[in-house]
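Those protein sequences? They're chains A and B, same order as listed.
What the first sequence shows, in the working numbering, is residues 1 to 107, in sequence order.
What the second sequence shows, in the working numbering, is residues 108 to 227, in sequence order.
All C-beta atoms, glycine included, are put in the ideal place defined by N, C-alpha and C.
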Amino acid sequence: DIQMTQSPSSLSASVGDRVTITCRASQGISNFLAWYQQKPAKVPKLLIYAASTLQSGVPSRFSGSGSGTDFTLTISSLQPEDVATYYCQKYNSAPLTFGGGTKVEIK
Amino acid sequence: QVQLVQSGAEVKKPGASVKISCKASGYTFTSYAMHWVRQAPGQRLEWMGWINPANGNTKYSQKFQDRVTITRDTSARTAYLQLSSLRFEDTAVYYCAREGIAVAGTFDFWGQGTLITVSS
């Protein structure tokens with residue numbers, strides 16, 4: 001099975017900072033990569049699919065890039081409401097696996 | 108609006124089985140696959156399997172293949188997850204999640220989660 005590895009596992013940044021999260025697949029998955037945001041005690045929310053397509057209603061400060069094995073999620077200007085854990089997920093084939101998550105906090 | 112409402116928390120003993128439900132509203136139930144995803148305390152999200160509500164076809168993660176059964180009742184607009192031979196490590200929040208309208212294999216709406224606790 002393809003493994004998804006995220007880094008870092010956690011980060012602390014100031015409001016307004018640019019934040020980048022990395023996700024690496026153990027094998028190529030083309031652009032079959034999604035990103036989810038899970039706020040504390042809440043259900044996950046789809047942010048991005050097809051590696052770079054923003055889900056409807058998601059703020060434009062979120063962006064995604066990458067293809068093959070290496071992907072990034074970028075928050076261009078961190079806001080207090082972005083405190084959450086972010087997960088990548090590959091969906092090219094079953095099993096649909098998630099990364100280990102990146103916890104984002106405000107410094 | 109799309110809503111997925113799950114059944115309440117369960118406490119089970121090791122070796123027992125559990126069946127939880129996910130009632131859908133706000134869309135055509137048979138038009139979107141339904142997935143089940145779990146999250147153990149402090150752990151990553153883990154995909155368990157999915158069902159095509161239109162025909163009942165299922166696909167399961169190999170990890171759960173011999174213990175999980177996903178079914179649906181189209182008249183009740185409800186999907187079900189049954190997990191047997193429960194172990195302590197099955198303690199987790201279990202989510203149903205609707206497959207994305209734009210992209211198969213992504214999840215655009217989630218249930219509120221059902222906590223299953225396995226305890227002796």
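Which value, in whole angstroms, describes the spacing of the CA atoms of Ala199 of chain B and Val225 of chain B? 9 Å
Name the chain B residues whose beta carbon is nearer than 7 Å to that of Val43 of chain A? Tyr202, Trp217, Gln219, Gly220
Apart from the five residues just before and just after Ser14 of chain A, which ones in its own chain have a Cβ nearer than 8 Å to its Cβ? Leu78, Ile106, Lys107
Those residues which DSSP pairs with Tyr202 of chain B across a bridge: B:Val144
If you count every other CB in all the chains shown that lies within 10 Å of the CB of Gly133 of chain B, and 16 or more means buried, which is it? exposed
For Gly100 of chain A, go through chain B and note every residue whose CB falls closer than 9 Å to its CB, in chain order. Gln150, Arg151
Within the 8 Å Cβ cut-off, does Leu46 of chain A reach chain B? yes
Does the count of Cβ pairs from the segment 22-41 of chain A and the segment 87-94 of chain A closer than 8 Å reach three? At 8 Å Cβ cutoff, the stretches touch.
Where Ser65 of chain A falls: helix, strand or coil (DSSP): strand
Which of the three DSSP states is assigned to Ile34 of chain A in this structure? In the sequence on display, residue 34 of chain A carries Ala and not Ile. Three-state DSSP puts Ala34 of chain A in a strand.
Touching by the beta-carbon criterion (3+ pairs, under 8 Å), the segment 117-131 of chain B and the segment 182-200 of chain B: yes
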